[in-house]
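Trainee: Structure provided below as structure tokens; questions to follow.
There are 4 protein chains.
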Amino acid sequence: MIVSMKRYATKAEIETVCERIREFGYKIHAIEGEERVVIGAVGVGDVTNCLESLEALPCVEKAVRISAPYKFVSKEFRSTRTVIRINNGTGLEIGGDEFTVMAGPCSVESEKQLMESAIAVSRAGAKVLRGGAFKPRTSPYDFQGLEEEGLKLLKKAREATGLAIITEVMSDRDVSLIAEYSDIMQVGARNMQNFALLKTLGKCQRPVLLKRGMSSTIKELLMSAEYIVAHGNPNVILCERGIRTFETATRNTCDIAAVPVLNELTQLPVILDPSHATGKRSLVPALSRAGVAIGADGIIVEVHPCPEKAVSDGAQSLHLEEFDRMMNDLRGYIALWKQSRMAEAAMV
Amino acid sequence: MIVSMKRYATKAEIETVCERIREFGYKIHAIEGEERVVIGAVGVGDVTNCLESLEALPCVEKAVRISAPYKFVSKEFRSTRTVIRINNGTGLEIGGDEFTVMAGPCSVESEKQLMESAIAVSRAGAKVLRGGAFKPRTSPYDFQGLEEEGLKLLKKAREATGLAIITEVMSDRDVSLIAEYSDIMQVGARNMQNFALLKTLGKCQRPVLLKRGMSSTIKELLMSAEYIVAHGNPNVILCERGIRTFETATRNTCDIAAVPVLNELTQLPVILDPSHATGKRSLVPALSRAGVAIGADGIIVEVHPCPEKAVSDGAQSLHLEEFDRMMNDLRGYIALWKQSRMAEAAMV
Amino acid sequence: MIVSMKRYATKAEIETVCERIREFGYKIHAIEGEERVVIGAVGVGDVTNCLESLEALPCVEKAVRISAPYKFVSKEFRSTRTVIRINNGTGLEIGGDEFTVMAGPCSVESEKQLMESAIAVSRAGAKVLRGGAFKPRTSPYDFQGLEEEGLKLLKKAREATGLAIITEVMSDRDVSLIAEYSDIMQVGARNMQNFALLKTLGKCQRPVLLKRGMSSTIKELLMSAEYIVAHGNPNVILCERGIRTFETATRNTCDIAAVPVLNELTQLPVILDPSHATGKRSLVPALSRAGVAIGADGIIVEVHPCPEKAVSDGAQSLHLEEFDRMMNDLRGYIALWKQSRMAEAAMV
Amino acid sequence: MIVSMKRYATKAEIETVCERIREFGYKIHAIEGEERVVIGAVGVGDVTNCLESLEALPCVEKAVRISAPYKFVSKEFRSTRTVIRINNGTGLEIGGDEFTVMAGPCSVESEKQLMESAIAVSRAGAKVLRGGAFKPRTSPYDFQGLEEEGLKLLKKAREATGLAIITEVMSDRDVSLIAEYSDIMQVGARNMQNFALLKTLGKCQRPVLLKRGMSSTIKELLMSAEYIVAHGNPNVILCERGIRTFETATRNTCDIAAVPVLNELTQLPVILDPSHATGKRSLVPALSRAGVAIGADGIIVEVHPCPEKAVSDGAQSLHLEEFDRMMNDLRGYIALWKQSRMAEAAMV
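Protein chains in written order, with this note's numbering: chain S, 1 to 348; chain G, 1001 to 1348; chain Y, 2001 to 2348; chain L, 3001 to 3348.
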């Protein structure tokens, strides 16, 4: 059950509502929101009477039953798209009327590498710069990232280009450090069910891009998003990046149908990652076109000034000129994408 | 190794070539083609000298080594798209400059059901009518198809609408019967490695649409296509229809990246089946758009005048009006598709 | 619904029963059995009254509702283990009080190779000789089997050793030929849902070993068994041979828990194939021990006098001495297996 | 490359060795061990000469090239089984001559529940008590564990029964807290690639049971173990607990062949978790037998005094009497297990 309070409800009013919910046998789980407080409750009780009783209170705007196991991120709770505002001073929004392109190198390697990438992707039309400073690597002997030094380079690139920054956070210990340097914090596939991390991310307001685990179901992805939202941070962006299957022709298998499936279940924005989904540079442009056509809110693409020398993910990184060419080719598809967003908006 | 003879090579010349190949330690595997004979050879021998010696013969056009385990269907063998001509008198081609839409009910159920479907899909722009007369069903107690009676109805629908007919063949015993009634013979996912069936299909010239097995790799799909081609029938169309993974939100997981992967490995046309890939009607239009955008040669879609009453696959079948709407929505994407085919042709 | 007639029921009595079932709205699906006729019916109707009405008939022994989608192979239908008698004159039974070991080469290659194998496996304690004469190969260029010549060699080996013969059948066209030469007909993983083949096998009485498809669920395996039984052949042996997953350290992933799962759902015997499940010779003995311990009815193992020179599956074939050593090591485990079968029998 | 120093090598000697390794172009990665120092080095250099030069030093015992991507955990590095000593004062060892049974409830729920379980499993022959105080739950609304209160109850149970304690650690922040209360720290499947956690666990000496991720390969499991060992903690126990596949008859698919595969690649002990592997109580005894037979070093089993009321994993938890019965049934298999360990020891 989700109860939306009226704007500017007082603390006393909120407490009254919580009290009443508890009387009906439910447990209060989350109170979030800035100007509007939203109360989530779970448990087993007399739903119908509880909802009625709550809606009778003047401070309550709406009380709804949510049948899905995920409450706050479910479409039953929210009827319009969640548009995530990025606070980098450029008015950038994800999940709204613009298709968002995020691009950059897998790892931040050096100032030169990062700056060249940033300038090129910005020119080609990307709005967000990706780059890993803390790297989750299968082997302890592989490059583990430049850590804080890498974060500083990202900050510099933001200042130089106006791009928003997305970078990965791997431990709840690092959340505040990374929040300081980035506009969007990325949770990698391997950490999608690192619940300690999810809870900590729920306690800040910085947008989070949550990547689907490589063997996680769509429902589990939504449950992990629910962790973040239920702990107080509604700014979650979902990301399909390929799942693990028996097929080895690609690094992962892009479950592209997850995009419309998620669009049926949630209002959160959905980004497609064609680089990790395929693991192969030559497949990225085709899959990016498919991502636009299927209705994703954006894509996140790995590029590198010299992929052959990249310390990680070289095989799937586009050369800067390839990225530029791809962006040109996407133009017609993005125009169709915008048409259908407009048509959708007109219907509401 | 593949040896293309010059046009109108004589029997004696062909025999000379085969003889020489055998001398170098190879085994002759297939001789196909109508006006031009092509000889495939496998084994271990002195490749370089063999190729040189063969190309020295005046009757030989080209002799090439093929490193892939699939020979005839490999891109090393053929440098241009394989365009499959359908002999239904309408000049229909698959794999060429037009995006092909195949549509129709899962099972042929009755004359009324089939005719309504045929007329509707033809009006909406489909060129091929699908419909199963022999049905592979998990349960022996489920509807097994109208069999020959169903084939007769398909023939009637072809006569009435001019649509080409595609229908499934489940046993090598039925190949000649089904070839008589259909323009394209479909091999279902469960029979992708029914080698007895593949060999028999290799002995006729009717085009074959070969569906990827639900746990078959892309390489295995190509090896199965190779069975058909190596036994004499070059008219193979590949079909991605979703693979089996842990995800249950969709009936199968559409491995959409298989389309560009196949385009890198083979010149055979590739069709996407968004109906089986998702198992859910509401996801079909989005996935169809993605199929066009990613560069498939066509789609095969299940429709039904009344999906709620369908004897099979009702949940994934579009209502006839939904199909019509989808075809309208696809128009812009198909226009972009044609632009890029034109650009590709201009580059050759 | 399944209706068992009393022994020696007359044709007229059977017809009366079928008539009554149809009156209640059900469809008759199968009538099988030699001295006792069993009638299967599916559909939607007034179950309770129908069962009552049938049991009131003096010619009916028992009428039971079966809730599983598989009827004849379900445990609801049969309360004791299905013991399959092999008609090779040695009194061999599968599924009873003895653990059955089947062994032999992947492909029948030559008389020498087969005879050496047969003699060695017989000496070591195997009761069934495996060997493929018709081979399902991914590539059309790989060895396709000696076909009828191979069958003749198998017959010779049977005559020489008294071993029962199991060999694969790949097409409904070949069923009668293979039934002539073998004691058990094997359906390979790739043909588990070749329904034309299953139906034809249902029409003979020769025992069938049905291998689980590499991406088939346990339920689908039972449905395929149901095809054979419902078409008249109750002598089905199931086989777990590994499923396809993301793991590549082994050729397939042995779903060993399928054995107790099947034991909970059906009374059909279950055989484990440690050779295909792992694809690696060194893992076969350990997995065979696990197969005994978990309660399989037997194992089927690939051996070869010289695996390095085998035309197929060399990497997973045991040398003859390795097989002998393995059989020795299994002795203690098989003794425990027999104890628990005895204890089970005593409890009934 | 791994270099074992002689016992009691001096700091200066160690530094000399490191220096020489660096001169050959390698990077020093880890120095571990208490009385004997072991140096790991990775990179690309002149291996042969480097090894020779190092072995020429009197302070070096052995210098070996390791070709596997995992170094310290590889069999190339260590020729005998890694026996993990548990410091709970009972002389308990894992990986040695005794088969280890770990058992207990999924979650610590109350003193009564835990004590009843502890006493029962101890009586039945278990040596380690499992119980979760920090619980990784898919839903934020599910029971998240008693946290430190739960740890205190575990300590109490240890004092009462002498059982060693294993409990899960979910964040690098909690490592020191959990190390204080437990004898073995468990890394759950969802955290197998939480590299921040693995690194922190590498810095303590408490044994770690590392569960395989549900879609992790065997190689990735070993790489994660390598993280812990390379950071200084050699006491790693591996655990196969089922992987995620398309099959839904069981909660996961037990990849039982992973046990002998791991035994070929590493000397670390391997434990089988039949509870999570199947998710179904009735399958646990059969799979436990298979685990003994295949040569695992132990099993970890969920039990509960009243599974129907368990807050988590009730369906897969054995009743206490069922566990007792299972332990009795395992006796014969464990006797065979010990025989083969003895035979192995005699052969060395």
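Positions of the beta carbon are idealized from the N, C-alpha and C atoms, including for glycine.
Rounded to whole angstroms, what's the CA-CA distance from L1209 (chain G) to L1265 (chain G)? Just pull it up for me.
Mentor: 18 Å
Trainee: Measuring CA to CA, which of S:E159, S:T200, S:Y227 and S:D297 is closest to E240 (chain S)?
Mentor: S:D297
Trainee: Figure out for me which residue from L:G3291, L:A3249 and L:I3256 has the closest Cα to the Cα of K3280 (chain L).
Mentor: L:A3249
Trainee: Quick check: the Cα distance between T3217 (chain L) and T3253 (chain L), rounded to an integer number of angstroms?
Mentor: Each residue's alpha carbon lies about 13 Å from the other.
Trainee: Who are the Cβ neighbours of A258 (chain S) in its own chain at under 6 Å, not counting the five residues just before and after it?
Mentor: I218 and E240
Trainee: Answer yes if the region 3192 to 3199 of chain L comes into contact with the region 188 to 198 of chain S, meaning at least three C-beta pairs across the two stretches below 8 Å, and no otherwise.
Mentor: yes
Trainee: Closer than 8 Å, CB to CB, is R1244 (chain G) near chain L or not?
Mentor: yes
Trainee: Which runs of the alpha helix (DSSP H) spanning at least 4 residues fall entirely within the region 178 to 206 of chain S, listed in chain order?
Mentor: With a minimum length of 4 residues, the continuous alpha helix (DSSP H) runs that stay inside the region 178 to 206 of chain S are 195 to 202.
Trainee: Roughly how many whole angstroms lie between the Cα atoms of V135 (chain S) and R331 (chain S)?
Mentor: For the sequence presented, residue 135 (chain S) should be read as Lys rather than Val. Going by the C-alpha atoms only, they are around 32 Å apart.
Trainee: On the CB-based measure, 16 or more other CB atoms within 10 Å of its CB, does Y3008 (chain L) come out buried or exposed?
Mentor: exposed
Trainee: For T138 (chain S) versus T1245 (chain G), is the C-beta spacing smaller than 8 Å?
Mentor: no
Trainee: Do you know offhand how far E2148 (chain Y)'s Cα is from L2177 (chain Y)'s?
Mentor: E2148 (chain Y) and L2177 (chain Y) have their C-alpha atoms some 8 Å from each other.
Trainee: Just verifying my parser: in three-state terms, what is the DSSP assignment at T2266 (chain Y)?
Mentor: strand
Trainee: Indicate the three-state DSSP secondary structure (helix, strand or coil) for T1250 (chain G) in the structure shown.
Mentor: Three-state result, T1250 (chain G): coil.
Trainee: Say whether chain G places a C-beta atom closer than 8 Å to the C-beta of V2042 (chain Y).
Mentor: Taking CB atoms only, V2042 (chain Y) has a neighbour in chain G less than 8 Å away.
Trainee: Say whether chain Y places a C-beta atom closer than 8 Å to the C-beta of D3313 (chain L).
Mentor: no
Trainee: Can you tell me the Cα-Cα spacing of I3014 (chain L) and I3002 (chain L), whole angstroms?
Mentor: 13 Å
Trainee: On a CA-only basis, which of L:K3203, L:S3317, L:E3220 and L:Q3205 is nearest K3211 (chain L)? Give me that one, please.
Mentor: L:E3220
Trainee: Can you pull the DSSP bridge partners for H3304 (chain L)?
Mentor: L:H3319
Trainee: Could you confirm whether any beta carbon from chain G is found closer than 8 Å to the beta carbon of G95 (chain S)?
Mentor: no
Trainee: Using the beta-carbon count (16 or more within 10 Å), is A1339 (chain G) buried or exposed?
Mentor: In the sequence as presented, Ala is not what sits at residue 1339 (chain G); that position holds Gln. It counts as exposed.
Trainee: When the Cα of L3290 (chain L) is compared with those of Y:L2238, Y:H2304 and Y:D2255, which residue comes out closest?
Mentor: Here residue 3290 (chain L) is Ala; the residue named in the question, Leu, does not match the sequence. It is Y:D2255.
Trainee: Report yes or no: is there a C-beta of chain Y within less than 8 Å of the C-beta of E1349 (chain G)?
Mentor: This structure does not reach residue 1349 (chain G), given that chain G is present from 1001 up to 1348, and the question cannot be answered.
Trainee: As an exercise, report each continuous beta strand (DSSP E) stretch of at least 3 residues that is fully enclosed by the region 3031 to 3059 of chain L, in chain order.
Mentor: 3038 to 3042
Trainee: Which two residues bound the contiguous beta strand (DSSP E) that contains A1164 (chain G)?
Mentor: It spans A1164 to E1168 - the beta strand (DSSP E) in which A1164 (chain G) sits, taken as one unbroken run.
Trainee: In terms of residues, what are the limits of the alpha helix (DSSP H) holding K2156 (chain Y)?
Mentor: E2148 to T2161
Trainee: Could you give the DSSP three-state label for R3325 (chain L): helix, strand or coil?
Mentor: helix
Trainee: Taking C-beta pairs closer than 8 Å, name the residues in chain S that P3234 (chain L) reaches, listed in chain order.
Mentor: In chain order: nothing, as chain S lies at least about 14 Å away.
Trainee: Can you find at least 3 beta carbon pairs, one from the region 3313 to 3323 of chain L and one from the region 3117 to 3128 of chain L, that sit closer than 8 Å?
Mentor: Yes, since at least three Cβ pairs between the region 3313 to 3323 of chain L and the region 3117 to 3128 of chain L fall closer than 8 Å, the two stretches touch.
Trainee: Taking K3112 (chain L) as part of the alpha helix (DSSP H), name the residues at either end of that continuous run.
Mentor: Run containing K3112 (chain L): E3111 to A3124, per the alpha helix (DSSP H) assignment.
Trainee: Does any CB atom of chain G fall closer than 8 Å to the CB of D255 (chain S)?
Mentor: yes
Trainee: Grab me the residues of I1086 (chain G)'s own chain with a C-beta within less than 6 Å of its C-beta, minus the 5 sequence neighbours each way, in chain order.
Mentor: L1092, A1164 and D1183
Trainee: Mind checking who G2213 (chain Y) pairs with in its DSSP beta bridge?
Mentor: None; G2213 (chain Y) has no bridge partner.
Trainee: What are the boundary residues of the beta strand (DSSP E) that T3100 (chain L) is part of?
Mentor: T3100 to G3104
Trainee: With DSSP collapsed to three states, give me the class of M5 (chain S).
Mentor: strand
Trainee: Can you tell me the Cβ-Cβ gap for L1318 (chain G) and V1303 (chain G), rounded? I've got them flagged as a contact below 8 Å.
Mentor: That belief holds up - the Cβ atoms of L1318 (chain G) and V1303 (chain G) are roughly 5 Å apart, short of 8 Å.
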